[in-house]
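Undergrad: Pasting a structure below so you can have a look.
Protein chains: 4
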Amino acid sequence: MTAYEAQDPNFERRVRDSFNRQGFMAFIGATLERVTPGFCEIKVPYKPALTQQHGFFHGGITGAIADTAAGYAAFSLMPADATILTTEYKINLVAPARGEALVARARVKKAGRTLTVVECDVFGQEGGKEGGKETAVAHLLATMLCLHGKTDNPRASRDTMNS
Amino acid sequence: MTAYEAQDPNFERRVRDSFNRQGFMAFIGATLERVTPGFCEIKVPYKPALTQQHGFFHGGITGAIADTAAGYAAFSLMPADATILTTEYKINLVAPARGEALVARARVKKAGRTLTVVECDVFGQEGGKEGGKETAVAHLLATMLCLHGKTDNPRASRDTMNS
Amino acid sequence: MTAYEAQDPNFERRVRDSFNRQGFMAFIGATLERVTPGFCEIKVPYKPALTQQHGFFHGGITGAIADTAAGYAAFSLMPADATILTTEYKINLVAPARGEALVARARVKKAGRTLTVVECDVFGQEGGKEGGKETAVAHLLATMLCLHGKTDNPRASRDTMNS
Amino acid sequence: MTAYEAQDPNFERRVRDSFNRQGFMAFIGATLERVTPGFCEIKVPYKPALTQQHGFFHGGITGAIADTAAGYAAFSLMPADATILTTEYKINLVAPARGEALVARARVKKAGRTLTVVECDVFGQEGGKEGGKETAVAHLLATMLCLHGKTDNPRASRDTMNS
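Residue numbers (this note's numbering), protein chains in the order written: chain A, 170 to 332; chain B, 170 to 332; chain C, 170 to 332; chain D, 170 to 332.
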C-alpha cells in the first residue's frame with residue numbers, strides 16, 4: 170500500500186466543503202466519514218427511497234457513493250487551486266446491496282499530474298455501525314481528471330468551468 | 170442496427186411494473202419514456218437535489234439512469250420467468266451534465282441466454298422537452314445477467330433471490 | 170454519426186508512420202486497412218500462433234487490435250506535434266473470435282483537447298476478405314490521452330516522453 | 170485478503186495444461202510463473218517484437234498477460250469439468266511499460282458459481298528477475314464466466330463449445 174502526502178495542508182477542509190456543496194449527497198443522506206491523503210470513506214444509511222425493484226440499495230446509489238469517494242480520494246492529493254472531474258469508471262456489482270448501510274472506501278492507485286487512478290470497494294454493513302459485519306457488494310476502478318487553475322467552488326469566484 | 174424480437178409479448182408491462190417498484194427512480198423523479206424490444210429510454214428533470222459541487226447533474230444520476238435504461242433494454246428481451254442483475258458497467262463522462270433534463274437511451278448490442286451486453290448514451294436536453302437541443306454527456310457499456318426461473322417481483326411470490 | 174475534420178492534413182501519413190513503428194503489429198501480421206478523420210480499421214489474418222486454449226483468436230489479439238484501432242482513430246484528429254497514450258479501455262468479448270481474419274473498426278465518440286473517447290467493434294470475418302460474413306466478437310470503449318508538444322516518433326528527435 | 174480453497178486438487182495441472190495450449194502465450198514468450206488457489210502470475214521478457222511506436226511493451230501485451238493471468242486465477246477455483254471465458258475486462262495503463270520483463274499478478278476478488286471477478290496488477294521489472302525493482306504499469310478489473318460441464322480441452326473430447 171502506497172502512502173501519499175497531501176500537497177495542500179488544508180485538503181480535508183477543501184474536500185468537506187466540496188462534498189457539502191453536492192446537493193445529491195445530502196438528498197440521499199450520505200455522509201463523508203473519513204478523508205486522509207489518497208483515501209476517502211462515504212456512508213449512506215438504508216431507506217426505501219434508495220432501492221431497486223428487489224428492495225436492495227439501487228445500483229445507482231452504490232455507483233454514486235463509490236464514484237464520489239473515489240473522486241475525493243483523488244482530490245485530497247490535488248493542489249489547492251484545482252478542481253476534479255470523473256473521466257470514467259467501471260464498477261462490478263458482486264452481491265445484492267443489502268444491509269442497514271452502504272460504505273464506500275476508496276484508495277488512490279496512481280496519482281498523476283493530470284490523471285489519477287483510484288479503486289473503491291463498497292460494503293453492505295449489518296446494523297449500519299462501525300464493527301458491524303460487512304459484505305463486499307461492489308468494486309470500482311476509476312480515472313479522475315485534475316483541472317489546474319480552476320476553482321472547485323464556482324460560486325466563490327468568477328471562474329467558470331470549461332473543460 | 171440489429172432488430173430484436175421480444176420472447177415475452179407482455180414485455181412492456183413487465184418492464185414498467187419493475188421500474189415502478191424501484192423506489193430510487195421515483196425518489197429522483199425519473200420516468201420511463203419508452204421501451205421497445207432491446208431499447209429503453211429514461212428521463213429525469215433537473216432539480217438542485219440532483220447536483221454535484223458545480224451545480225450540474227451528479228454523476229451518480231447519470232450513472233443510475235444509464236444503468237437502469239441498459240438493464241430494462243436487456244430485460245425487454247428476457248423470458249417472462251426471469252429477473253435481471255447488473256453484472257458490471259463502465260461509463261465515460263464526456264461533458265458536464267447540464268440541461269433541464271437528462272435522457273438515457275440504451276440499446277442491446279448482444280443478447281445471450283445468460284449475459285446481455287448493452288450500450289447507453291446519456292444526453293443533456295435543453296428545455297427538457299423532446300426536440301430540445303441535446304448534448305451527449307456520457308457513454309456506458311454494460312453486462313447484464315439473466316437469472317432464469319426467478320421472478321423479478323419477490324413480493325408477488327415466495328421465490329427468493331440467491332445469486 | 171458525427172463527422173470529424175482533421176486538424177493535420179497529413180494525418181494519414183502520421184498515423185501510418187506510427188503504426189509501422191509498432192513492432193508488435195508486424196509481429197502478429199496486422200495491417201492498417203483504413204484511416205479517415207476519427208475512424209480507423211485494422212485487420213489480422215488467422216494463424217495458430219495467435220490462439221487461446223480453444224483454438225480461437227486469443228483475447229489478447231482482439232484487445233490489441235481494438236485498442237490500436239481506437240488509438241489511431243483518435244490520433245487522426247490530433248495536431249501534428251502531439252503523441253497519444255491509451256489511458257484505459259474496457260472490452261466486452263461477446264462471442265468466440267473465430268474466422269479467417271479479425272477486423273477492428275474504431276470510431277471517435279467525443280474528441281477533446283486532452284481526452285478523446287473512442288468505441289471499437291471487432292468482427293470475425295469468414296474467408297478473411299471484404300464482403301465475407303462478419304460476426305461481432307467484441308465491443309470496446311476507450312479513453313485516449315493527447316500529449317501536446319511531444320513527438321510520436323522519439324527516434325526522429327531529441328524529445329523524450331515523460332508522461 | 171480472502172484465502173481461497175481449490176475445488177479441484179489438480180487445479181495446477183489443469184491450469185498449466187490450458188496455458189500450454191495457448192499458441193499466443195508461446196508466441197510472445199510468456200511463462201506461467203505461479204498459480205495458487207485464486208492467484209496467478211505470468212511473465213514475459215522484453216523483445217522488440219512486443220513493442221508499440223515508442224519502443225515500450227505494447228498495450229496489447231500488457232492487456233493479454235493481465236487478462237490471461239486473471240482468467241487462470243479464476244480457473245484455479247473452478248471445478249474440474251468446467252471451462253472459462255473472459256466476459257469483459259477494463260484496464261488502466263498508468264505508466265509506460267518499460268523494463269526487461271512485464272509481470273502480471275492476478276487475484277480473485279469474488280468467486281461465484283457463474284461469474285468470478287478478478288483484479289490484476291502489471292509491473293515493469295528491471296533486470297527481468299525476481300527481486301528487480303518493479304513499477305506498476307497497469308491495473309485490470311475483469312469478469313470471468315464459468316461454463317460448467319464443458320471441457321477446457323476440446324481436442325481431448327468430443328465436446329464442443331457453444332456459449
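For each residue, glycine too, the CB sits at the ideal point set by N, CA and C.
#1: Let's test the definition: count the other Cβ atoms within 10 Å of the Cβ of residue 250(A) and tell me whether it reaches 16, buried, or not, exposed.
#2: When DSSP labels each residue in this structure, what does residue 219(C) get in the three-state scheme?
#3: Look at the Cβ atom of residue 258(A), then the Cβ atom of residue 311(A), and state whether they are nearer than 8 Å.
#4: Would you call residue 326(C) buried or exposed, if buried means 16 or more other Cβ atoms sit within 10 Å of its Cβ?
#5: Starting from the C-beta of residue 295(B), find all residues in its chain whose C-beta is less than 6 Å away, skip the five residues before and the five after it, and write them out in chain order.
#6: Can you pull the chain A neighbours of residue 248(B), defined as C-beta to C-beta under 7 Å?
#7: Quick test of your reading: residue 172(D) and residue 209(D), contact by CB under 8 Å. State the CB separation rounded to the nearest angstrom.
#8: Which one of 174(C), 248(C) and 287(C) has the shortest CA to CA distance from residue 255(C)?
#9: With 16 as the cutoff for other CB atoms within 10 Å, does residue 318(D) come out buried or exposed?
#10: How about residue 312(A): is its C-beta nearer than 8 Å to some C-beta of chain D?
#11: For a contact defined as C-beta to C-beta under 9 Å, what are the partners of residue 235(A) on chain D?
#12: Strictly by DSSP, which residues pair up with residue 311(B)?
#13: Starting from residue 200(C), trace the beta strand (DSSP E) both ways and give me its first and last residue.
#14: Less than 8 Å between C-beta atoms, sequence neighbours within five positions excluded: which residues of the same chain meet that for residue 263(B)?
#15: Can you tell me which of the three DSSP states residue 272(B) falls into?
#16: Taking 8 Å as the cut-off, decide whether the C-beta atoms of residue 291(B) and residue 234(B) are in contact.
#17: Residue range of the alpha helix (DSSP H) that residue 174(D) falls in?
#18: Give a yes or no on whether 8 Å exceeds the smallest Cβ distance from residue 223(B) to chain C.
#19: Is residue 257(A) close to chain C, meaning its C-beta is less than 8 Å from at least one C-beta of that chain?
#20: Please name the residue, chosen from 247(C), 245(C) and 214(C), that lies closest to residue 231(C) on a Cα-to-Cα basis.
#21: Can you grab the Cα-Cα spacing for the pair residue 183(D) / residue 313(D), in whole Å?
#22: Could you compute how far the alpha carbon of residue 175(B) sits from the alpha carbon of residue 245(B)?
#23: Is it right to say residue 180(B) is buried, meaning 16 or more other beta carbons lie within 10 angstroms of its own, or is it exposed?
#24: With distances taken from CA atoms, which of 236(B), 320(B), 283(B) and 191(B) is nearest residue 222(A)?
#25: Among the residues of its own chain, which have a CB less than 6 Å from the CB of residue 272(D), if the five just before and after it don't count?
#26: Quick one: does residue 271(B) have its CB under 8 Å from some CB of chain A?
#27: Using only the alpha-carbon positions, how far apart do residue 204(A) and residue 219(D) sit?
#28: What would DSSP say about residue 299(B), mapped onto helix, strand or coil?
#29: Measuring only between beta-carbons, confirm whether residue 302(A) sits less than 8 Å from chain D.
#30: Anything in chain A within Cβ reach of residue 284(C), meaning under 8 Å, just list it in chain order.
#31: Pull up the distance between the alpha-carbon of residue 270(A) and that of residue 240(A), whole angstroms please.
TA: Reading off the structure:
#1: Counting Cβ neighbours within 10 Å, residue 250(A) comes out exposed, since fewer than 16 surround it.
#2: helix
#3: yes
#4: With a pLDDT of 48 at residue 326(C), under the threshold of 50, the modelled position of this residue cannot be trusted, and the question is left open.
#5: 268, 301 and 302
#6: Here the premise fails: no neighbours, minimum Cβ distance about 17 Å.
#7: About 15 Å; that fails the 8 Å criterion.
#8: The option with the nearest alpha carbon to residue 255(C) is 287(C).
#9: exposed
#10: A Cβ of chain D is located within less than 8 Å of the beta carbon of residue 312(A).
#11: Correct list: empty, because the minimum Cβ distance to chain D is about 12 Å.
#12: 258(B) and 287(B)
#13: Counting along the chain, the beta strand (DSSP E) containing residue 200(C) begins and ends at 200-205.
#14: 305, 306, 307 and 308
#15: strand
#16: yes
#17: Unbroken run through residue 174(D): none, as it is neither H nor E.
#18: no
#19: Residue-level contact by beta carbon holds for residue 257(A) and chain C, with a gap shorter than 8 Å.
#20: It is 214(C).
#21: Taking the straight line joining both Cα atoms gives about 17 Å.
#22: 7 Å
#23: Flag for residue 180(B) reads buried.
#24: The residue with the shortest Cα to Cα distance from residue 222(A) is 191(B).
#25: Closer than 6 Å at the Cβ level, and outside the excluded window around residue 272(D), lie 212, 292 and 294.
#26: no
#27: 41 Å
#28: coil
#29: Closer than 8 Å: no.
#30: 256 and 314
#31: When rounded, the distance between both Cα atoms is 20 Å.
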